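J.:
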Amino acid sequence: MTGIDASPQQLDPAEAFALLMDGNRRFVAGEPLHPNQDAERRASLAPVQHPFAVLFGCSDSRLAAEIIFDRGLGDLFVVRTAGHVVDSAALGSIEYGPAVLGCRLVVVLGHDSCGAVAAATDAVDRGTQPPGFIRDLVERVTPSVLAARAAGLADGQDTIDTHIRLTVDHLLERSRVLADEVDAGRAAVVGLSYRLADGRARIVTARGPIGELDSENAA
Ligand SMILES: [Zn+2]
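Following this note's numbering, the numbering of the sequence shown begins with 68 at its first residue and continues without gaps.
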């Protein structure tokens with residue numbers, strides 16, 4: 068069930084995660100198959116969608132979801148905000164995947180050199196305040212920077228990983244829909260850290276049944 072032509076709506080969380088990571092491996096290797104991007108797929112999806120995962124990621128232009136996971140139309144229900152900060156609109160969009168579309172996997176995707184995390188770090192260190200609503204974004208990342216510091220993690224990548232882990236925790240604390248699905252073993256929420264230079268997505272945290280963690284990935 069993890070092949071390119073799998074019927075995504077029938078995938079359990081572990082199968083969905085395997086399908087996603089298979090695509091990332093193809094992208095990293097420079098051997099993408101560009102599945103589900105043709106006219107036939109487009110036509111077959113017109114009446115209904117059955118994406119196999121919700122991808123909640125940073126808006127960074129280098130994190131184009133279907134490209135870095137080598138997927139196509141109808142595969143991923145994508146929600147993105149700068150720094151993957153969570154507000155009620157993001158929560159509702161994420162819940163739509165498992166509650167309405169039957170997605171059994173939710174992925175939080177952060178990355179190195181994240182501008183939102185850098186801005187929050189600057190705000191903590193130097194008191195800089197960005198203009199307009201960007202300030203609201205930065206304030207939502209700041210608790211992750213402070214948590215990393217409190218844990219003695221000064222490294223930039225450690226701060227990124229902390230923000231990814233806390234975003235997963237935050238989703239499960241705020242969303243009863245998601246927490247119930249995970250508690251019942253019907254869905255999983257996984258935090259992934261993406262490296263811009265080589266395109267690789269690495270597991271930071273996982274809640275729910277995603278099977279054996281790929282040791283190569285669980286760095
Ligand atoms: Zn970012």
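Positions of the beta carbon are idealized from the N, C-alpha and C atoms, including for glycine. Computed from a prediction, not measured in an experiment: that's the story for all the values here.
Using a Cβ-Cβ cutoff of less than 7 Å, which residues in the same chain neighbour Val-145 once the five nearest sequence positions on both sides are dropped?
T.: Same-chain partners within the cutoff: Leu-122, Ala-132.
J.: Check each candidate in His-178, Arg-207, Phe-136 and name the one with the smallest Cα separation from Val-191.
T.: Comparing Cα positions, the closest option is Arg-207.
J.: Please list, in chain order, all residues of the same chain as Leu-213 whose beta carbon is under 7 Å from its beta carbon, the five residues on each side excluded.
T.: Taken in chain order, the residues that qualify are Val-191.
J.: Tell me the DSSP bridge mates of Ile-134?
T.: Note: Ile-134 sits in no beta bridge, so no partner.
J.: Is it true that the segment 177-191 meets the segment 223-230, where meeting means three or more beta-carbon pairs spaced less than 8 Å apart?
T.: Verdict: yes, contact present.
J.: By how many angstroms is the C-alpha of Asp-222 removed from the C-alpha of Asp-250?
T.: One C-alpha to the other measures close to 33 Å.
J.: The alpha helix (DSSP H) with Ser-260 in it runs from where to where?
T.: Premise fails: Ser-260 lies in the beta strand (DSSP E), 255-261, not in any alpha helix (DSSP H).
J.: Which one of Leu-158, Asp-142, Ile-135, Leu-100 has the shortest CA to CA distance from Arg-243?
T.: Taking only the C-alpha atoms, the option nearest Arg-243 is Leu-158.
J.: Roughly how many angstroms separate the alpha carbons of Tyr-261 and Pro-114, rounded to a whole number?
T.: Tyr-261 and Pro-114: Cα-Cα distance of roughly 33 Å.
J.: Where do the ends of the alpha helix (DSSP H) carrying Ala-96 lie?
T.: Looking at the DSSP string, the run of the alpha helix (DSSP H) that includes Ala-96 is 80-96.
J.: Using the rule of at least 16 other Cβ atoms within 10 Å of the residue's Cβ for burial, across every protein chain shown, is Val-296 buried or exposed?
T.: Residue coverage of the chain in this structure runs from 68 to 286, which leaves residue 296 outside it and unanswerable.
J.: I need the boundaries of the alpha helix (DSSP H) containing Thr-234, first residue and last residue.
T.: Where Thr-234 is concerned, the enclosing alpha helix (DSSP H) stretches over 223-241.
J.: Do you know offhand how far Val-184's Cα is from Ala-120's?
T.: Val-184 and Ala-120: Cα-Cα distance of roughly 25 Å.
J.: In chain order, what residues of the same chain lie with their CB nearer than 7 Å to the CB of Arg-202, ignoring the 5 residues before and after it?
T.: Same-chain partners within the cutoff: Gln-196.
J.: Is any heavy atom in ligand 1 found nearer than 7 Å to the beta carbon of His-101?
T.: Answer for His-101: no, Cβ out of range of ligand 1.
J.: In the DSSP assignment, what are the bridge partners of Gly-177?
T.: According to DSSP, which records beta bridges pairwise, Gly-177 is partnered with Ser-260.
J.: Give every residue of the same chain whose Cβ lies closer than 8 Å to the Cβ of Gly-164, excluding the five residues on either side of it in the sequence, and list them in chain order.
T.: Only Pro-118, Ala-120, Val-121, Phe-144, Cys-170, Val-173 meet the Cβ criterion.
J.: Say whether chain D places a C-beta atom closer than 8 Å to the C-beta of Asp-189.
T.: No chain D is present in this structure, which holds just one protein chain.
J.: Grab the span of the beta strand (DSSP E) containing Ala-268 for me, first residue to last.
T.: Residues 268-274.
J.: Where do the N-terminal and C-terminal ends of the beta strand (DSSP E) with Arg-147 fall, by residue?
T.: That run of the beta strand (DSSP E) goes 143-148.
J.: Between which two residues does the alpha helix (DSSP H) carrying Gly-159 extend?
T.: Looking at the DSSP string, the run of the alpha helix (DSSP H) that includes Gly-159 is 155-163.
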